[in-house]
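Asks: Residue numbers (this note's numbering): 212 to 378. Here a beta-carbon is modelled for each residue, glycine too, at the ideal position from N, C-alpha and C.
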């Protein structure tokens with residue numbers, strides 16, 4: 212399949228289960244290691260990425276194939292000092308999360324999703340986006356290519372931030 216075989220759309224209410232699947236897929240697992248149980252999604256520091264989805268400032272996009280099957284997702288959520296998460300910078304910087312189903316990785320879908328979210332964040336008046344990534348995760352190269360820079364370390368992961376120009 213080529214990139215022309217995929218489209219990006221805004222999330223719909225019925226996409227919440229897929230977003231939870233993407234949150235699970237976003238958990239980096241080094242090659243050769245076993246994926247954690249899905250129970251990991253119930254840990255408070257992970258649960259907060261999607262719990263009560265649909266609050267003010269929540270934005271998500273879904274990548275679909277030509278049959279409208281979801282294959283990837285990207286979302287942002289605002290947090291504050293009292294409710295920090297991985298990648299948190301400040302209350303005005305949305306924290307970004309994304310994942311693509313394993314069989315669709317490496318085809319440019321993540322780039323499409325990330326470019327769309329950066330456009331939306333700029334249009335919404337945000338001046339930056341942040342995220343957390345394991346430095347061994349291949350997605351790191353995509354984030355760097357799209358302007359994210361390392362601003363800190365939290366455990367074994369890097370906190371990264373992109374400053375959005377107003378073009």
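(1) Just to confirm, is the Cβ distance from residue 324 to residue 283 under 7 Å?
(2) Could you pull the start and end residues of the beta strand (DSSP E) that residue 255 belongs to?
(3) Are the beta-carbon atoms of residue 300 and residue 341 separated by less than 7 Å?
(4) Taking only the alpha-carbon atoms, compute the straight-line gap between residue 312 and residue 343 and give it to the nearest angstrom.
(5) Output the distance between the C-alpha atoms of residue 327 and residue 244, rounded to the nearest integer angstrom.
(6) For residue 323, name the three-state secondary structure that DSSP assigns.
(7) Return the Cβ separation of residue 234 and residue 270 in integer angstroms, given the expectation that the two are a contact with Cβ distance under 8 Å.
(8) Could you pull out every residue in the same chain whose Cβ sits closer than 7 Å to the Cβ of residue 238, ignoring the five residues on either side in sequence?
(9) Please tell me whether, using a cut-off of 6 Å, the distance from the CB of residue 277 to the nearest non-hydrogen atom of the ligand COA is below it.
(10) Skipping 5 residues on each side, what residues in its chain have a beta carbon closer than 7 Å to that of residue 289?
(11) Could you check what DSSP says for residue 288 in three-state terms: helix, strand or coil?
(12) Candidates 369, 222 and 249: which alpha carbon is nearest residue 296's?
(13) Our contact map puts residue 279 next to residue 217 with C-beta atoms below 8 Å; I'd like the distance itself, whole angstroms only.
(14) State the start and end residues of the unbroken alpha helix (DSSP H) segment that holds residue 356.
(15) Quick check: the Cα distance between residue 223 and residue 337, rounded to an integer number of angstroms?
(16) For the beta strand (DSSP E) that contains residue 365, what are its first and last residues?
(17) Can you give me the Cβ contacts of residue 220 inside the same chain, cut-off strictly under 6 Å, excluding the 5 residues immediately before and after it?
(18) Under 7 Å between the Cβ atoms of residue 307 and residue 322?
Replies: Once the coordinates are examined:
(1) Locating residue 324 in the chain shown gives position 113, counting from the first residue. Locating residue 283 in the chain shown gives position 72, counting from the first residue. Yes, they are a contact pair.
(2) Your numbering for residue 255 matches position 44 in the chain shown. Per DSSP, residue 255 belongs to no beta strand (DSSP E); it is in the alpha helix (DSSP H), 255-258.
(3) Within the chain shown, numbered from 1, the residue matching residue 300 stands at position 89. Within the chain shown, numbered from 1, the residue matching residue 341 stands at position 130. In this structure, residue 341 lies closer than 7 Å to residue 300 by Cβ.
(4) In the chain shown, counting from the first residue as 1, residue 312 sits at position 101. In the chain shown, counting from the first residue as 1, residue 343 sits at position 132. Roughly 19 Å separates the two Cα atoms.
(5) By 1-based counting over the chain shown, the position of residue 327 is 116. By 1-based counting over the chain shown, the position of residue 244 is 33. Approximately 32 Å, taken between the alpha carbons.
(6) Mapped onto the chain shown, residue 323 falls at position 112. Helix, per DSSP.
(7) By one-based count along the chain shown, residue 234 stands at place 23. By one-based count along the chain shown, residue 270 stands at place 59. The pair is not a contact, with the Cβ atoms about 15 Å apart (cut-off 8 Å).
(8) Sequence index remark: in the chain shown, residue 238 carries index 27 (1-based). Excluding sequence neighbours, residue 238 sits near 247 and 251.
(9) With respect to small molecules bound, the structure shown includes none, and the ligand COA cannot be examined in it.
(10) For the purposes of this step, residue 289 is identified with residue 78 of the chain shown, where counting begins at 1. Within the same chain, residue 289 has close Cβ partners 268, 302 and 305.
(11) By 1-based counting over the chain shown, the position of residue 288 is 77. Reduced to three states, the DSSP call for residue 288 is strand.
(12) In the chain shown, the residue the question calls residue 296 occupies position 85. For the residues 369, 222 and 249, the minimum Cα distance to residue 296 belongs to 369.
(13) In the chain shown, counting from the first residue as 1, residue 279 sits at position 68. In the chain shown, counting from the first residue as 1, residue 217 sits at position 6. That pair is no contact at about 11 Å.
(14) Within the chain shown, the letter at position 145 stands for residue 356. Run containing residue 356: 350-356, per the alpha helix (DSSP H) assignment.
(15) Taking the first residue of the chain shown as position 1, residue 223 is located at position 12. Taking the first residue of the chain shown as position 1, residue 337 is located at position 126. Cα-Cα distance, rounded: 22 Å.
(16) In the chain shown, counting from the first residue as 1, residue 365 sits at position 154. Run containing residue 365: 360-365, per the beta strand (DSSP E) assignment.
(17) For the purposes of this step, residue 220 is identified with residue 9 of the chain shown, where counting begins at 1. Cβ neighbours of residue 220 beyond the five flanking positions: 273.
(18) Taking the chain shown and counting its residues from 1, one reaches residue 307 at position 96. Taking the chain shown and counting its residues from 1, one reaches residue 322 at position 111. Not a contact, by the Cβ cut-off of 7 Å.
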